[in-house]
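J.:
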Amino acid sequence: MFRHIKLESIDDLKGYLKNHIFRHVYVSGAYYQYPDGQTMTQKNWLGMDYLIDIDCDHFETSCKSKHDSWQCLNCGKNGKGRPPKSCSCGSSRFSEFNWICDICLEQSKKEVLKFIDIFLPSFDIPRDEITVHFSGNRGYHIIIQSEKIRHFNQMERREFVDYLTGAGLNLKFHGRIERKKYIPPDPKERFGWGEYIYNGLIKLINDCDNGSLDEVNISTRMKNIIINKKQTILDELKSVYHSVRSISTETWSKLVEYVKKDIAMKLDSPVSIDLHRLIRFPNSLHGKTGFIVKEIDIDKLEEFDPFSDAIAFLENAHIKVEMMGCPEFRIKDQIYGPYDKNQKIEFPLPAAIFVLAKEVGKFI
Amino acid sequence: MESFFIKRPPISFINKFPFTKEAKDYVRIMEITPDNLLRDKYLINECLSFIKKLASDGHSSVINFEFHNIDNWKCYALINYFLYCIGEPILWSRFAEIMRQNIEKELGDKDLGNIIRIAKNTFQWEIEKIKPLIIRKLSFDWRLKWYNYINVASTIMDESWKLVNNYIDNGWVFLSTPKIRRLIAQKVRNDVFNKSKEIPKSIPADVASMISEIKSIVKEVKDKYEKSNIFITSERRKEAYPPCINHLLNKIKSGMNLAHYERLILVFFLLNIGFTVDEVLKIFKLQPDFNEEKTKYYIKHAAGNIGGRTRYKPYNCIKIQSFEGICKKNDDPKKWCTSLDPKKQIKNPIVYYSRMVWLISKFIQCPKCGYRLSKDKISNAKNIICPNCNEDLTDLIQK
Ligand code: SF4
Ligand SMILES: [Zn+2]
Ligand SMILES: [Zn+2]
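Sequence lines, in order, name chains A and B.
According to my numbering, numbering within the first sequence proceeds without interruption in unit steps and concludes at 364.
According to my numbering, numbering within the second sequence proceeds without interruption in unit steps and concludes at 763.
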């Protein structure tokens, strides 16, 4: 590991990267007076960008049970998806195998879009102070480079991250609670989380005939009632002195709870609170995929396809690889695998690099 | 509007709010230095007796920032100078708490001009008085930029102050007048307390003698605290605590205010290893804003969770490490906290504690060299000597 490096020009950087071939390249998210100081005191901390790390490792996705697996380090038992809290042998130490696919990366992207579409309008952070990167592997990074935020201490950083994740949210401050029933705020008092939840509820009810209620923990009978009374409920919600009579208190609080969870950002909080984080160097290659750590134009975020747009190598060269087994994956329009152990495959370069970087295959 | 700020404020403003930029400017223009102030015997006496009260009476609710026949701003300046020379965080934090309460009182209901003046000139806040927004009978008369807001609100331990529970729009947080008042007072408190980080350089001999009495009062108070807690934080138990917990206990002992999460970490740890609510309460006594009722309620609440179904697990190391400066794993004499071996590694301070307690119960430690020998091995022998330094341990065993 090479740390505490200070480079003064782009040419220096190019030279440095050419002389040492690195598998991973990072840049400090913090600003220092003397970046090459060996200790934190010597460096003299001046500030730190605000980092939001979204990694599909931090939330459940339906695909994990298909492409992730674990093995108990004690008894060798294995299974699909995430490891259990403890193995039937009592051990809680596992080796894990993680994979990426369209579903989990799409879910990660949804978190970024939530930040841009739902949270950002509440703040006065200009768009040009925000950069979004595909991390090169399992998610996205949002980097806020703002003069106002750079000096935040840990408590301030935590306060902001709590806002995004809804930690400590008490609905009694946003709307009324009457007989345990949450009544969303009136239009003139709709700010921040009160507004998000209100909009979320409208959307949920609006889409109820399109399966938006599928994942809400209420009975099918209740779901049908909502679908049948959709217009009444929406009208009640939209009226100025509304109270929503059509749904029982219990169902109502489940809907609100669902919306709240859905809005809350799933991110890696410690990253946002840290004052000294490293960030993957933009446009470097991620050493575990060979994909580009790619900056994405916020307006084109929705179209961004990591499995095409972050590919660094051309497809005209081919490499032979002996597989150790892996789930299927996609590079551009081509779907590869799944592969078994000992299969010998000749891949186009981008797929070969991916397999080698993921360490599920070796050169032959 | 502009001229309102340029006009020099009356001396009464400076007396009420001696921490402001206006007051500092005034002190500068009048060329007032500690030396000038130290010529005034009466002033010195007033200030020293105020600090003495701080040191002995402790809790802020009984002390007022009030002086007779003398300018408040002078007292403020000299008290700051003395506190700087004494260098005791516990005095700073008590003083900070008193200033907070005082400012909140001084920023009365009528004088909204002072709020704007202080917020803009001294704190450089982006703040605006707005057409009142009435929401459920509450009047929101102000808006303040969110980064100014969280700078202070993040230090107030109450859910109603969390950004997530407030109205925010395009970077503005809407606030009522009482809340703005509290924010300003809290900001003063934080700024005063932060001065405790300055380390005194050279202290003139005459000042040193003036403050020596206070220093010994502080020492007495601390000793008393130590004694009252001798059982619960005895050396023997301390040996079993992980470095992070000892660090927090030391912080309390030096009178520093613990942040909200620091208190939580400590409370949950202590309750989990079997402290009673009263024992935990005793430990928090030295906190500058200590309020017996409130603290008790708060600890009971945590304890209730432990007895009830939603058993609250103590913070694990990863969580603790996400707060800068609490985990002191490099100070761990056993090197468990830094171990890379997953079997030895500490994931939770409680694990550290129970492992250490087990160790202490299984082994005896040579008082001379610190070497540990297993009790199992020595139970039959008659004369026990330390294999490391040959110290006779027979007495120790028989005890
Ligand atoms: S590693 Fe855990 S137990 Fe050890 S000091 Fe850090 S937080 Fe405390
Ligand atoms: Zn097992
Ligand atoms: Zn997936």
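We put the beta carbon where it would ideally sit given N, CA and C, even for glycine.
Below 8 Å on the Cβ atoms is my guess for Arg-277 of chain A versus Val-293 of chain A; work out the distance and round it to an integer in Å.
T.: Actually they do not touch by this definition, with Cβ atoms about 15 Å apart.
J.: Examine the Cβ distances between the stretch 53–73 of chain A and the stretch 86–106 of chain A and report whether three or more of them are shorter than 8 Å.
T.: Contact between the stretch 53–73 of chain A and the stretch 86–106 of chain A is present, because at least three Cβ pairs lie under 8 Å.
J.: Roughly how far, in whole angstroms, is the beta-carbon of Ile-491 of chain B from the beta-carbon of Trp-506 of chain B, given that I think they are within contact range, below 8 Å?
T.: About 6 Å; that satisfies the 8 Å criterion.
J.: Thinking Gly-194 of chain A and Ile-263 of chain A are a contact (beta carbons under 8 Å), I'd like their distance in whole angstroms, please.
T.: The pair is not a contact, with the Cβ atoms about 11 Å apart (cut-off 8 Å).
J.: Please indicate yes or no: does the CB of Ser-450 of chain B lie closer than 7 Å to some heavy atom of ligand 1?
T.: Sequence inspection shows Ile at residue 450 of chain B; the Ser mentioned does not correspond to that position. False, no ligand heavy atom lies under 7 Å from that Cβ.
J.: Between which two residues does the alpha helix (DSSP H) holding Val-259 of chain A run?
T.: Residues 249–263.
J.: Between Thr-674 of chain B and chain A, is the shortest Cβ-Cβ distance under 8 Å, so that the two count as touching?
T.: Interpretation of Thr-674 of chain B is limited by its pLDDT of 44, a score under 50 that renders its predicted location unreliable; no figure is taken from the coordinates.
J.: Under three-state DSSP, which class holds Thr-674 of chain B?
T.: For Thr-674 of chain B, the pLDDT reaches just 44, beneath the cut-off of 50, and the residue's location in the model is therefore unreliable, leaving the point undetermined.
J.: Kindly list, in the order they appear in chain A, the residues whose Cβ is closer than 7 Å to that of Phe-531 of chain B.
T.: The question names Phe, but residue 531 of chain B is Tyr in the sequence shown. Going along chain A in sequence order, the residues near Tyr-531 of chain B (Cβ under 7 Å) are Phe-191 and Gly-192.
J.: Given a cut-off of 8 Å, decide if Ser-108 of chain A and Gly-139 of chain A are closer than it, judged by their beta-carbon atoms.
T.: Yes, the pair counts as a contact, with Cβ atoms nearer than the cut-off.
J.: Nearest to Ile-353 of chain A by alpha carbon, out of A:Ile-205, A:Gly-337, A:Val-27 and A:Ile-311?
T.: Checking every option, the nearest Cα to that of Ile-353 of chain A belongs to A:Ile-311.
J.: Does ligand 1 have a heavy atom nearer than 7 Å to the CB of Pro-706 of chain B?
T.: Because no heavy atom of ligand 1 lies under 7 Å away, the Cβ of Pro-706 of chain B does not count as near it: no.
J.: Could you tell me the distance, in whole angstroms, from the CA atom of Arg-392 of chain B to the CA atom of Thr-384 of chain B?
T.: Roughly 13 Å between the two C-alpha positions.
J.: Excluding the 5 residues preceding and the 5 following Arg-673 of chain B in the sequence, name in chain order all residues of the same chain whose CB lies nearer than 8 Å to its CB.
T.: Interpretation of Arg-673 of chain B is limited by its pLDDT of 38, a score under 50 that renders its predicted location unreliable; the figure taken from the coordinates is listed afterwards. Closer than 8 Å at the Cβ level, and outside the excluded window around Arg-673 of chain B, lies no residue.
J.: Counting contacts by CB-CB distance shorter than 8 Å, is Glu-688 of chain B in contact with chain A?
T.: For Glu-688 of chain B, the answer is yes, since a Cβ of chain A falls inside 8 Å of its Cβ.
J.: Secondary structure at Val-321 of chain A, three-state DSSP: helix, strand or coil?
T.: Here Val-321 of chain A sits in strand by DSSP.
J.: In the structure shown, what three-state DSSP assignment does His-20 of chain A receive?
T.: Residue state, collapsed to three classes: coil.
J.: What first and last residue would you give for the beta strand (DSSP E) that runs through Pro-496 of chain B?
T.: Note, Pro-496 of chain B: beta strand (DSSP E), 491–499.
J.: Compare the C-beta of Glu-111 of chain A with all C-beta atoms of chain B and state if any pair is closer than 8 Å.
T.: With 8 Å as the cut-off, Glu-111 of chain A does not count as an interface residue toward chain B.
J.: Relative to ligand 3, what is the chain-ordered list of residues with a Cβ closer than 5 Å to any of its non-hydrogen atoms?
T.: Per the Cβ criterion, the list is A:Cys-63, A:Cys-101, A:Ile-103 and A:Cys-104.
J.: Measuring CB to CB, does His-196 of chain A end up less than 8 Å from Trp-252 of chain A?
T.: According to the sequence displayed, residue 196 of chain A carries Tyr and not His. Not closer than 8 Å, so no.
J.: Under a Cβ-count criterion, where at least 16 other Cβ atoms within 10 Å of its own Cβ denotes burial, should Gly-671 of chain B be classed as buried or exposed?
T.: Its pLDDT being 44, under 50, Gly-671 of chain B is placed unreliably in this model, and the value from its coordinates should be taken loosely. Exposed is the call here.
J.: Quick one: which chain A residues come within Cβ less than 8 Å of Pro-706 of chain B?
T.: Chain A residues near Pro-706 of chain B: Arg-93.
J.: So that I know if they touch, is there some Cβ in chain A lying closer than 8 Å to that of Glu-523 of chain B?
T.: Answer yes: the Cβ-Cβ gap between Glu-523 of chain B and chain A drops below 8 Å somewhere.
J.: Does the beta-carbon of Gln-685 of chain B, which I'm using as the reference point, lie nearer than 7 Å to any heavy atom of ligand 1?
T.: Checking the Cβ of Gln-685 of chain B against ligand 1 gives yes.
J.: Could you pull out every unbroken alpha helix (DSSP H) segment of at least 4 residues lying fully inside the stretch 549–595 of chain B, listed in chain order?
T.: Fully enclosed alpha helix (DSSP H) runs of 4 or longer: 569–592.
J.: Residues in the same chain with beta-carbon distance under 8 Å from Cys-449 of chain B, minus the five sequence neighbours each way, listed in chain order, please.
T.: Correct list, in chain order: Pro-564, Ile-567, Val-571, Ala-572 and Ile-575.
J.: Does DSSP classify Glu-366 of chain B as helix, strand or coil?
T.: At Glu-366 of chain B the pLDDT is 43, less than 50, meaning the model places this residue with poor confidence; the figure from the coordinates comes in the next sentence. Glu-366 of chain B falls in the helix class under three-state DSSP.
J.: Please tell me whether, using a cut-off of 7 Å, the distance from the CB of Ile-273 of chain A to the nearest non-hydrogen atom of ligand 1 is below it.
T.: Flag unset: Cβ of Ile-273 of chain A not near ligand 1.
J.: So with CB distances below 7 Å, who are the chain A contacts of Gly-535 of chain B?
T.: Those within 7 Å of Gly-535 of chain B in chain A are Phe-123 and Asp-124.
J.: Classify Tyr-339 of chain A as helix, strand or coil using the three-state DSSP reduction.
T.: Reduced to three states, the DSSP call for Tyr-339 of chain A is strand.
J.: Does any residue of chain A bring its CB to less than 8 Å from the CB of Val-631 of chain B?
T.: With 8 Å as the cut-off, Val-631 of chain B does not count as an interface residue toward chain A.
J.: What is the DSSP secondary structure of Thr-384 of chain B, reduced to helix, strand or coil?
T.: Thr-384 of chain B falls in the coil class under three-state DSSP.
J.: Counting only beta-carbon atoms, is Ile-429 of chain B nearer than 8 Å to chain A?
T.: Reading off the sequence shown, one finds Phe at residue 429 of chain B, where the question assumed Ile. No, no contact with chain A.
J.: Ligand 1 heavy atoms versus the CB of Cys-411 of chain B: any closer than 7 Å?
T.: Not so, every heavy atom of ligand 1 lies at least 7 Å from the Cβ.
J.: Identify whether Val-644 of chain B lies in helix, strand or coil by the three-state DSSP scheme.
T.: If DSSP states are grouped into helix, strand and coil, Val-644 of chain B belongs with the helices.
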